[in-house]
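Structure, as C-alpha cells:
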Amino acid sequence: MSFDLVFFGGTGDLTWRKLMPSLFQAWRHGTLPADGRILAVARDDQNDDQYRQWLFERLLQAEEAKRPTEAEFNAFSQRVHYLRMDLSQAGDYQQLQQWLQHRNARTVVMYLATSPHLFPVICEQLGAAGLNHERVRVVLEKPLGHDLASAQAINRAVGAVFTEQQALRIDHYLGKPSVQNLMALRFGNVLFEPLWRRESIANIQITLAEGLGVGSRGDFYDRTGALRDMIQNHALQLLTMIAMEPPSSPDADAIRDEKLKVLRSLKPFDERSVVSDVVRGQYRAGAAAGQAVCGYLEEAKVPTNSRTETFVALRCEVQNWRWAGVPFYLRTGKRLAQRQAEIVVNFRALPHAIFPGRHLPNRLVIKLQPEDGLQLHLMASRGTGNHASGQAFEPLSPVSLDLDFDRAFSSERVGAYERMLLDALAGRLNLFVRSDEQEQAWRWVEPILEAWQGDELGPKPYNAGTWGPSAASALLTRDGFCWPEEA
Ligand code: BG6
Numbered sequence: 037m038s039f040d041l042v043f044f045g046g047t048g049d050l051t052w053r054k055l056m057p058s059l060f061q062a063w064r065h066g067t068l069p070a071d072g073r074i075l076a077v078a079r080d081d082q083n084d085d086q087y088r089q090w091l092f093e094r095l096l097q098a099e100e101a102k103r104p105t106e107a108e109f110n111a112f113s114q115r116v117h118y119l120r121m122d123l124s125q126a127g128d129y130q131q132l133q134q135w136l137q138h139r140n141a142r143t144v145v146m147y148l149a150t151s152p153h154l155f156p157v158i159c160e161q162l163g164a165a166g167l168n169h170e171r172v173r174v175v176l177e178k179p180l181g182h183d184l185a186s187a188q189a190i191n192r193a194v195g196a197v198f199t200e201q202q203a204l205r206i207d208h209y210l211g212k213p214s215v216q217n218l219m220a221l222r223f224g225n226v227l228f229e230p231l232w233r234r235e236s237i238a239n240i241q242i243t244l245a246e247g248l249g250v251g252s253r254g255d256f257y258d259r260t261g262a263l264r265d266m267i268q269n270h271a272l273q274l275l276t277m278i279a280m281e282p283p284s285s286p287d288a289d290a291i292r293d294e295k296l297k298v299l300r301s302l303k304p305f306d307e308r309s310v311v312s313d314v315v316r317g318q319y320r321a322g323a324a325a326g327q328a329v330c331g332y333l334e335e336a337k338v339p340t341n342s343r344t345e346t347f348v349a350l351r352c353e354v355q356n357w358r359w360a361g362v363p364f365y366l367r368t369g370k371r372l373a374q375r376q377a378e379i380v381v382n383f384r385a386l387p388h389a390i391f392p393g394r395h396l397p398n399r400l401v402i403k404l405q406p407e408d409g410l411q412l413h414l415m416a417s418r419g420t421g422n423h424a425s426g427q428a429f430e431p432l433s434p435v436s437l438d439l440d441f442d443r444a445f446s447s448e449r450v451g452a453y454e455r456m457l458l459d460a461l462a463g464r465l466n467l468f469v470r471s472d473e474q475e476q477a478w479r480w481v482e483p484i485l486e487a488w489q490g491d492e493l494g495p496k497p498y499n500a501g502t503w504g505p506s507a508a509s510a511l512l513t514r515d516g517f518c519w520p521e522e523a
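For the sequence shown, position 150 (counting from the first letter as 1) is numbered 186 according to this note's numbering, and the numbering increases by one without interruption.
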C-alpha cells in the first residue's frame with residue numbers, strides 16, 4: 037500500500053516524542069507499509085538532511101531498547117522528508133499539493149499535531165488546495181477544543197472539508213494494548229457478562245495517576261487542567277468501554293454508537309452535585325521517587341496565583357437498567373504517589389456468610405499501566421486445619437489470580453501511537469473517537485467547568501507524592517467504599 041503521511045507540527049514535541057519514535061518502531065517491526073513517505077511540515081527553514089539530523093538526535097533520547105542505531109536510522113530516514121510551510125499561506129499548500137501529486141499515493145494521512153486553534157485554518161486551506169479528496173484522511177490530536185462550543189466550532193470547520201469517515205480523532209489511550217484487552221475481556225469471553233451489572237457490582241473505580249509533574253508543559257497545562265486533559269477524554273473513554281452494551285458487530289460505528297449511549301446516560305452535574313461529587317486539587321511541594329520536588333505554582337511557565345487543577349476525583353452514575361445506582365469513581369492527577377492506571381471492579385458483598393472472620397468482596401483489577409494485566413481477588417481456605425473452637429471452618433484468606441499480559445505476549449506488543457498510526461494508514465476507524473462522542477463528553481464536563489469558574493475556593497492542596505486531597509477519599513467513604521490503596 038503506498039502512502040504519504042504528513043505531520044503538521046513537524047518539529048513539535050508530540051512529533052519527536054511520540055509520533056516519529058512510533059513510526060520508527062513500526063518500521064523496525066516490519067509493520068510500516070514499505071511504499072510510503074513521511075513528511076514533516078513546520079515553519080523552520082531547513083532541508084531534509086538537516087531535519088533528519090535533528091530527528092536523529094531526538095530519537096537517541098529514547099530508552100535504550102527503542103534507540104535507533106546509526107545504520108537503522110539511515111535506512112528509516114530515507115523515507116523522512118521536510119517541507120517548510122507557513123500554515124496560513126495558501127501558496128504553501130499548493131507546494132504541499134505538488135509534493136504529494138508527484139507520487140499520487142493510495143492513501144494520504146494529514147496528521148494535525150499542532151495547537152487545535154490551527155485545525156480550522158489547516159483544514160480550510162487543505163480543502164482549497166484540493167487536498168480533501170477521498171484518498172485523504174485527517175488525524176486530529178487532542179485537546180479538541182477547550183469546551184463544547186470550541187469543540188463544535190472545530191468539528192464544523194473540519195466537517196466543512198472532510199467527511200466524518202475521513203476525520204480521525206485520536207485518543208491514544210484507546211490504542212494501548214491493555215485497553216484492547218478490556219474489550220477482549222468483556223466481548224471475547226462469556227465469564228463476566230452475567231456479572232457485569234448492578235446486581236453483582238457495587239462500584240467501579242478508574243484511576244489514571246501520574247508520578248510526574250507538568251514538566252516543561254506548564255503553559256499548556258495551565259490553560260487546560262486535569263479535567264480537560266484527562267477526564268473529558270481518556271477517563272471517559274475508559275468508562276464507556278466498561279459500561280457499554282456489547283456491540284452487534286466490529287464496525288466502527290456499531291462500537292461508537294454503544295459508547296455514545298453510555299455518554300448520554302451519564303447523570304448530568306448541576307451546581308450542587310459539582311460541590312458534593314467533584315474534588316479538584318493542586319499539588320504542593322513534596323517528594324517523588326525519593327527526591328524533593330516543587331509545587332505546581334513553582335513550576336516553569338505556571339503563574340504563581342494559578343487556580344488550575346492538577347487533580348480531579350469525581351463520582352458519577354450511568355443511568356440505565358444495567359448500571360442504575362452503581363457509583364463510578366474517576367480520578368486522575370499529576371505528582372501522585374506513583375504512575376498507575378487501573379480499573380477496579382468491586383463486586384458486592386456476600387449475601388450470607390457461613391465462614392467465620394472478615395470476608396472481602398471479590399475484586400477484579402484491570403491493570404493498564406505500568407503493568408498490563410488482570411487480577412481477580414478471591415477468598416480461599418488455607419487448609420491449615422487451624423479452626424477456632426466450635427467453628428466448622430477456618431477463616432478465609434484473600435488470594436489473587438494474576439495474569440501478566442506483558443509476560444504472556446511480550447514480543448508481540450506495540451505501543452499506543454504505533455497502533456493508532458497504523459490504523460490511520462489502514463483506515464481502521466474503530467479506535468478513533470466520533471465527533472458526537474467527543475461533543476457529548478464536553479457537554480457532560482461543562483457544568484463542572486462553569487461551577488469552578490464561579491467558585492472562590494479553588495483547588496484543594498495536596499502534597500506531591502501522595503494520592504491527592506483527603507476530600508477524594510471522603511467521596512468514597514461517604515458511600516461506604518474506599519480507593520484500592522486504602523483497602
Ligand atoms: C496526555 C496528556 O493526553 O496523556 C498528558 O495530555 C498525560 O498530560 C498523558 O501525561 C498520559 O499518557 P500516558 O500514555 O503516559 O498515560
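A virtual CB, placed ideally from N, CA and C, is assigned to each residue, including glycine.
None of these values were measured; they are calculated from a predicted model.
As assigned by DSSP and simplified to three states, the class of residue i
| i | result |
| --- | --- |
| Arg375 | coil |
| Gln131 | helix |
| Phe383 | strand |
| Phe445 | coil |
| Ser38 | coil |
| Gly211 | helix |
| Leu461 | helix |
| Asp438 | strand |
| Val544 | The chain is shown from 37 up to 523; residue 544 falls before or after that span and cannot be answered. |
| Gly409 | strand |
| Ala477 | helix |
| Phe305 | coil |
| Ser471 | helix |
| Phe517 | coil |
| Phe223 | helix |
| Ala126 | helix |
| Leu432 | coil |
| Leu218 | helix |
| Leu414 | strand |
| Gln427 | coil |
| Pro230 | helix |
| Gly504 | coil |
| Gly393 | coil |
| Leu167 | coil |
| Leu180 | coil |
| Ile422 | A small fix is needed here, since residue 422 is Asn in this sequence, not Ile. In this structure, Asn422 counts as coil in the three-state DSSP scheme. |
N- and C-terminal bounds of the alpha helix (DSSP H) containing residue i
| i | result |
| --- | --- |
| Ile190 | 184–195 |
| Thr513 | 507–513 |
| Arg64 | 56–65 |
| Ile291 | 288–301 |
| Ala164 | 155–164 |
| Leu275 | 272–279 |
| Phe256 | 254–262 |
Enclosing beta strand (DSSP E) for residue i [first to last residue]
| i | result |
| --- | --- |
| Val450 | Run containing Val450: none; DSSP gives neither H nor E here. |
| Tyr498 | 496–499 |
| Ala323 | 322–324 |
| Ala328 | 327–329 |
| Glu353 | 347–353 |
| Arg205 | 203–205 |
| Arg399 | 399–405 |
| Tyr147 | 143–148 |
Beta-bridge partners of residue i, as assigned by DSSP
| i | result |
| --- | --- |
| Asp491 | The partner list for Asp491 (beta bridge, DSSP) is empty, contrary to what the question assumes. |
| His138 | Its beta-bridge partners do not exist; DSSP assigns none. |
| Tyr319 | Tyr498 |
| Tyr365 | Gln241, Arg351 |
| Arg173 | Val145 |
| Phe43 | Ala76, Tyr147 |
Presumed contact (8 Å Cβ cut-off) between residue i and residue j, rounded CB distance
| i | j | result |
| --- | --- | --- |
| Ile237 | Ile379 | Not really, about 12 Å apart at Cβ, beyond 8 Å. |
| Trp135 | Leu210 | The Cβ separation is near 31 Å, so there is no contact. |
| Val469 | Asp207 | 5 Å |
| Gly247 | Leu372 | 7 Å |
| Leu204 | Arg173 | 6 Å |
| Glu177 | Leu50 | 6 Å |
| Arg142 | Phe39 | 7 Å |
| Leu55 | Ala288 | The Cβ separation is near 22 Å, so there is no contact. |
Considering only residues of the segment 46–123, which uninterrupted alpha helix (DSSP H) runs meet the minimum length of 4 residues and lie entirely inside it, listed in chain order?
Correct list: 56–65, 84–95, 106–113.
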